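Engineer:
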Amino acid sequence: MPEPTLLPFLRRARPGLPAALLATALALAARPAPAQNTTPPPAPAAAEAPDVVTYGGRADVMTLADEMAQRRGLDAGWVRDTLSRSRYIPAVARFIMPSAAGSAKNWTAYRSRFVEPRRIRAGLAFWQANERWLRQAEEMYGVPADVVVGIVGVETIYGQHMGNFRVLDALATLSFDFPAGRRDRSAFFREELEQFLVLCRSEGLDPVAPRGSYAGAMGMPQFMPSSWNRYAVDFDGDGRIDLHASAPDVIGSVAHYLSEFGWQRGQPTHFEVAAPVDLRDRAVLLAPDILPSFTAEQFAAQGAGLSPEGRAYTGKLALVELQNGEAAPSFVAGTANFYAITRYNWSSYYAMAVIELGRSVAALQQARSLAPALP
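Counting from 1 along the sequence shown, just add 111 to a position and that's the residue number in my numbering.
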């Protein structure tokens, strides 16, 4: 089956998903899932292993522990003890480095990693099991179910891959020994480490227990500690926030996050667009990157051909370029809602994958509701 084009996904109206999208989603879901690597990751070395480097003996770390405790009103002894138990993880330092230079971006290849049978089927199961909560989140925050489902699917395949690094170790490694060779983000990770300590104290967690990604992101939605503290919600009302096992809390927290970052209720994420042929006109529209900066009239004045829905849109738009390696790039006209998704992960490729995965799951959900006997 040839790779589906972007066009079936570039529709403004949500309630009636197009027949082409229904057919595409059914075909994708019917494909056998690609072989998965089932080899478990190597277990972390025990804290007492001779080659493990812990941070308890470093004066700069203990000084930072005292500063964190004072800023946050935490017990200094507890903070010192916690950081003394953190370990340097070489794999974390490797994984945070950028990809090798020279590899061209390729939207088609990127898309195939996320809009694929395994995630679509898992997304359908997640949607059907949590339809009530998805509906409630949309009513409260205005974020459609397909967008929430797309994010959780892209992030962790609905909880199947939430990371196996001790969050304390990952954040300590990137706080105290951020690798040379890329822009230093150690200050960001020190703030996240501090937020992690606040989270553990407020939730009564053992700081060495939580597991997550090599960057310290946690749970089904892969929230960093600061996002957990600011945007996570107890959506099921059980008195605690659980982003690892409570699908309602995950759904509500993702929707709340997007609403806080400017999601506009009832508005589309993007429109079909033909980019200007003149490269100078194209450069003008591409200059603000993915920040919506132009009206539909300004798009037209620069030679961009918007869809009829796009021409009728009254908000600001961004010309979003998705490179396809040596092939011609793809373009969409992104709205404020497209931009809101990129605040979750600052990548237009990520945002587009979230949108297309979510819409593929929505198409399959609609098809199953119309024909429950489908296998």
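C-beta: ideal position from N, C-alpha, C; glycine also. Note that the structure is a prediction, hence the values are computed from the model and not measured.
#1: Count the CB pairs spanning the region 378-393 and the region 341-350 that are closer than 8 Å, and state whether there are at least three.
#2: Is L282 near the ligand HEM - that is, is its Cβ less than 7 Å away from at least one heavy atom of it?
#3: Tell me where the beta strand (DSSP E) around G445 begins and ends.
#4: For G469, name the three-state secondary structure that DSSP assigns.
#5: Give me the DSSP bridge partner(s) of R198.
#6: Report the residue from Y424, M335 and L194 whose alpha carbon sits nearest the alpha carbon of G323.
#7: Which partner residues does E408 have in the DSSP bridge list?
#8: Examine the Cβ distances between the region 363-382 and the region 391-398 and report whether three or more of them are shorter than 8 Å.
#9: Assuming G469 and D257 are in contact, meaning their beta carbons sit under 8 Å apart, how far apart are those beta carbons, in whole angstroms?
#10: As a quick exercise: from V365, M329, W218 and L428, pick the residue whose alpha carbon is nearest that of Q378.
#11: Return the chain-ordered list of same chain residues with a C-beta closer than 6 Å to the C-beta of Y325, the five sequence neighbours on each side being excluded.
#12: Could you pull the DSSP bridge partners for F334 from this structure?
#13: Tell me the rounded alpha-carbon separation between S197 and M273.
#14: Please state whether DSSP places L354 in a helix, a strand or coil.
#15: Tell me whether the region 279-297 and the region 353-366 touch, counting them as touching only if at least three CB pairs, one residue from each stretch, are closer than 8 Å.
#16: Just how far apart, CA to CA, sit M208 and V443?
#17: Relative to the C-alpha of Y269, which candidate in L481, R479, V472 and A482 has its C-alpha closest?
#18: Between the alpha carbons of E314 and V226, how many angstroms are there, rounded?
#19: Between L369 and the rest of its own chain, which residues show a CB-CB distance below 6 Å, the 5 nearest in sequence each way excluded?
#20: Among the residues of its own chain, which have a CB less than 6 Å from the CB of R183, if the five just before and after it don't count?
#21: Can you pull the DSSP bridge partners for V384?
#22: Using DSSP with H/G/I as helix, E/B as strand and the rest coil, what is G270?
#23: Ordered along the chain, which non-local residues of its own chain (more than five positions away) have a Cβ less than 8 Å from that of V265?
Structural biologist: This is what the structure holds:
#1: no
#2: The ligand content of the structure shown is nil, which means the ligand HEM is not present either.
#3: Locating residue 445 in the sequence shown gives position 334, where the first residue counts as 1. Per DSSP, G445 belongs to the beta strand (DSSP E) from A438 to G445.
#4: To locate residue 469, count along the sequence shown from 1; it is residue 358. Correct three-state label for G469: helix.
#5: Locating residue 198 in the sequence shown gives position 87, where the first residue counts as 1. In DSSP, R198 forms a bridge with T165.
#6: Within the sequence shown, the letter at position 212 stands for residue 323. When each option's Cα is compared against that of G323, the closest is M335.
#7: Numbered from 1 along the sequence shown, position 297 holds the residue referred to as residue 408. Beta-bridge pairing links E408 to no other residue.
#8: no
#9: Numbered from its first residue, the sequence shown carries residue 469 at position 358. Numbered from its first residue, the sequence shown carries residue 257 at position 146. The Cβ separation is near 4 Å, so the contact holds.
#10: The sequence position of residue 378 within the sequence shown is 267, counting from 1. Here the closest residue by C-alpha is L428.
#11: Translated into positions along the sequence shown, residue 325 becomes position 214. Counting only Cβ-Cβ distances below 6 Å, and skipping sequence neighbours, we find V203, F206, F276 and A281.
#12: Position 223 of the sequence shown holds residue 334. Looking at the DSSP assignment, F334 forms a beta bridge with M329.
#13: For the purposes of this step, residue 197 is taken as residue 86 along the sequence shown, with counting starting at 1. For the purposes of this step, residue 273 is taken as residue 162 along the sequence shown, with counting starting at 1. So the alpha carbons of these two residues sit roughly 20 Å apart.
#14: Reading the sequence shown from its first residue, position 243 is the one you call residue 354. Reduced to three states, the DSSP call for L354 is coil.
#15: no
#16: Counting from one through the sequence shown, the residue named residue 208 turns up at place 97. Counting from one through the sequence shown, the residue named residue 443 turns up at place 332. Those two C-alpha atoms are separated by around 29 Å.
#17: Along the sequence shown, read from residue 1 onward, the residue named residue 269 stands at position 158. Of L481, R479, V472 and A482, the residue nearest in Cα terms is V472.
#18: Numbered from 1 along the sequence shown, position 203 holds the residue referred to as residue 314. Numbered from 1 along the sequence shown, position 115 holds the residue referred to as residue 226. The alpha-carbon atoms of E314 and V226 are separated by roughly 35 Å.
#19: Within the sequence shown, numbered from 1, the residue matching residue 369 stands at position 258. Cβ within range, chain order: V254 and A451.
#20: Here residue 183 refers to the residue found at position 72 of the sequence shown. Same-chain partners within the cutoff: V309.
#21: Residue mapping note: residue 384 aligns to position 273 of the sequence shown, counting from 1. DSSP lists L417 as partners of V384.
#22: By one-based count along the sequence shown, residue 270 stands at place 159. In this structure, G270 counts as coil in the three-state DSSP scheme.
#23: In the sequence shown, the residue the question calls residue 265 occupies position 154. Correct list, in chain order: F225, R230, Y461, A464, V465 and L468.
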